[in-house]
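Chains as they are written, first to last, in my numbering: chain L, 42 to 427; chain W, 2 to 354.
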């Protein structure tokens, strides 16, 4: 256990409980929640936990702000899409796509790192912003390769698609959310609620892809946890705290920072590959958009920079909000008279306004995010008990 | 190190043409890049087209300059990276556009003077709204995070989201068509007797943008180089502490620069709105890329560098847009990368990095 977590535990009972809950929900997800929308949201959670955790490696652990993370994500996704477009849906095409995407990411991130990290850290943010924009415009314009605005459908191997049915029998599922709602609203009829919550799942290739994603996500998470708690990770944190001192101690900080950029770009590419397989459709809007980059930034900061657990919490919260906050606002919106300023402010399309506000407030008042705040509380409690 | 060698050579006085070329490239890198690019473009297209593209590029550069100058000064003076600058551009565009729509009867009459009744209030309103928001923004958002680049990037990105969402709350989520005042429509023809460019039609609006951009560049250079405030700004960029030791309240000075920069962004936004004749809340994000390339190219904190950077970006956009339209954005960024490799501090650096 200690080796698995690299000695870096959640250090807060509430946080541990939340993480355990998330882990169980993602591990058993397809059998606990009914409906295609929830299923695809669970897949996105797994993908974005990888994206945000690898982004946190740069932002939280080394204080490098990059706006090109979606570019690497997009390289992964488009690598698979373009390879399957050219070579069909076999495993050879999949392999070619993966290798090509990873190589492209390594090259590009090396170039970016060597070019702009040697000047000044803040340049990196500006240069990556410009380069990511150029990449987006290139992908949009070269429509004979990338499909332009319309994007590409991904033809993955049959075993990974919905057409693949390995078993004839159906697996029982239990809609835990629906059951809890029904049980709370009418406690007398728990038996009926239990009956209604049962549903059956026909296993298909989609479940296989989901579990590949899930296992990869867990593996990458523990790899990153190992990495930030290794001597390498300590150097990164030293660079974050005081780069000059780290240099004076004899570490070649430029090499370390470039290495972080490359590793994080590679992981984002892996996430992009998984995204393409899960979503089976890739376009600039869902992989390369500037807005997506902002979302990743929000997830990372709200969850807690410099704590990998924060990436998990931030991603899950943000995706839940993205999917359900709009429903909530819609209900609120129905309560106030239409065509007033307040109605416009809580218009479901304006949900990002509220998230932006939450983001700024959390930067000012909870600079270490939700996870940092939970840890502070639990540390206070335990020191109070002593 | 080659630069040092050349400097040692200079006192001998008899520099050959190659040495003089090197000296020119070293001392006036902005003019060197500009000339190289213009000549390269001239070699690749017909002269007549080149003239049209160059003037259009200058017009675009002039508008980008208005938007970028505020950001470069903010960074140079206070070391604040304001990524919400694009949101100010959008805001200025929407503010100016609503005045133009409100006074659309005046804007649609063929007389220039009646048009001015609509145009001038539109500019003033854009300046005012963007400047006021700049004041509020500095107080609320930026003040708590001086000296911390990471947090500056985060909160200004957050602020940018909020401003753009608020624009959509006030003006609605759809694109807004903007009427271009009647006197600014149409084109002027160059006289036939000119050798290469005879008879070319030039869009009036672009010429006006060039004139306005040059005027504002002149005004800004005059303020910065000739007035007392300008001396303080330059001194503040060079060394903030020294200005403070002399007893000046640099915070106040900075606040002024920030408001002026935001107001200029708003003005640039209005100009851009009339140029494109259609605006969206997210137009600022797209223009931000040009602005960022400009301030990196020019060297952070330098008005002159900002001006030349804008002209370079405007020209390369038009040249490449003509030769291969799909690569215009890529070429802009490639220019930035190339200059960064050659001179990591930008063309005319002011602050030491």
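In this text, a Cβ means the ideal position worked out from N, Cα and C, and glycines have one as well.
The structure presented is a predicted model; accordingly, all values stated were derived computationally and were not measured.
Among the residues facing chain L, residue 176 of chain W is not included, as its CB has no counterpart in that chain under 8 Å away.
A straight-line Cα-Cα distance of about 31 Å links residue 333 of chain W and residue 125 of chain W.
The secondary-structure analysis by DSSP pairs residue 315 of chain W with nothing; it has no beta-bridge partner. Residue 145 of chain W belongs to the set of residues whose beta carbon lies under 8 Å from a beta carbon in chain L.
Within the region 223 to 236 of chain W, contact with chain L at the beta-carbon level (separation under 7 Å) is assigned to no residue.
Shown in chain order are the members of the region 290 to 305 of chain W whose Cβ falls below 7 Å from a Cβ of chain L: 290, 293, 294, 297. The DSSP-derived three-state label of residue 279 of chain W is strand. Sequence-distant Cβ neighbours of residue 307 of chain W in its own chain, meaning closer than 7 Å and more than five residues away, are 66, 69, 70, 73, 295, 296, 299. Straight-line measurement puts the Cα of residue 362 of chain L at about 35 Å from the Cα of residue 276 of chain L.
By the Cβ criterion, the region 133 to 140 of chain W is not in contact with the region 348 to 358 of chain L, since fewer than three pairs of Cβ atoms, one from each stretch, lie closer than 8 Å.
Against residue 158 of chain W, the close residues of chain L are 335, 338, in the order they occur along the chain (beta-carbon pairs closer than 7 Å). Excluding the 5 residues flanking it on each side, residue 219 of chain W has no same chain C-beta neighbour closer than 8 Å. Of the residues L:57, L:258, L:374, L:407, the one whose Cα lies closest to the Cα of residue 342 of chain L is L:407.
By the neighbour-count criterion, in which 16 or more other beta carbons inside 10 Å mark a residue as buried, residue 147 of chain W falls on the exposed side. In this structure, the CA atom of residue 134 of chain L is about 33 Å from the CA atom of residue 75 of chain L.
Annotation for residue 94 of chain L: 261, 262, 265, 308, 349, 352, 353 place their beta carbon closer than 8 Å to its own, counting only its chain and skipping 5 residues before and after. Within the region 222 to 308 of chain L, complete alpha helix (DSSP H) segments of at least 4 residues are found at 231 to 238, 246 to 269, 272 to 282, 284 to 289, given in chain order. Within a 10 Å sphere around the beta-carbon of residue 182 of chain W sit 16 or more other beta-carbons, which makes this residue buried. Beta-bridge annotation (DSSP): residue 322 of chain L is paired with L:194. Fully enclosed alpha helix (DSSP H) runs of no fewer than 4 residues occupy 30 to 45, 48 to 79 of the region 25 to 89 of chain W, in order along the chain. Collapsing the DSSP output to three states places residue 213 of chain L in a strand. Here the region 76 to 93 of chain L makes no contact with the region 278 to 297 of chain L; the two share fewer than three CB pairs at distances below 8 Å. Annotation: the continuous beta strand (DSSP E) that includes residue 188 of chain W extends over 188 to 190. Cα atoms of residue 225 of chain W and residue 346 of chain W: separation of roughly 21 Å, rounded to the nearest angstrom.
If the five residues before and after residue 235 of chain W are omitted, its C-beta is found closer than 7 Å to the C-beta atoms of 225, all from its own chain and listed in chain order. Cβ proximity to chain L below 9 Å picks out 330, 331, 332, 333, 334, 335, 337, 338, 341, 342, 345, 346 from the region 330 to 353 of chain W.
Within the DSSP secondary-structure output, residue 94 of chain W pairs in no beta bridge.
Using a Cβ-Cβ cut-off of 7 Å, residue 313 of chain L is close to nothing in chain W; its nearest Cβ partner there is about 21 Å away. Put simply, of W:290, W:185, W:157, W:209 the residue whose alpha carbon is nearest the alpha carbon of residue 81 of chain W is W:157. Taken through DSSP and simplified to helix, strand or coil, residue 145 of chain W comes out as helix. Contact annotation: residue 191 of chain W and residue 203 of chain W have beta-carbon atoms nearer than 8 Å. Residues of chain L with a Cβ closer than 7 Å to the Cβ of residue 312 of chain W do not exist; the shortest Cβ-Cβ separation is about 18 Å. Contact holds between the region 115 to 130 of chain L and the region 308 to 317 of chain L, because three or more Cβ pairs, one in each stretch, are under 8 Å apart. Contact check between the region 167 to 174 of chain L and the region 100 to 113 of chain L: three or more CB pairs, one atom from each, fall below 8 Å, which counts as touching. In the displayed model, residue 266 of chain W falls within a helix according to three-state DSSP. For residue 67 of chain L, the uninterrupted alpha helix (DSSP H) run begins and ends at 54 to 73, by DSSP.
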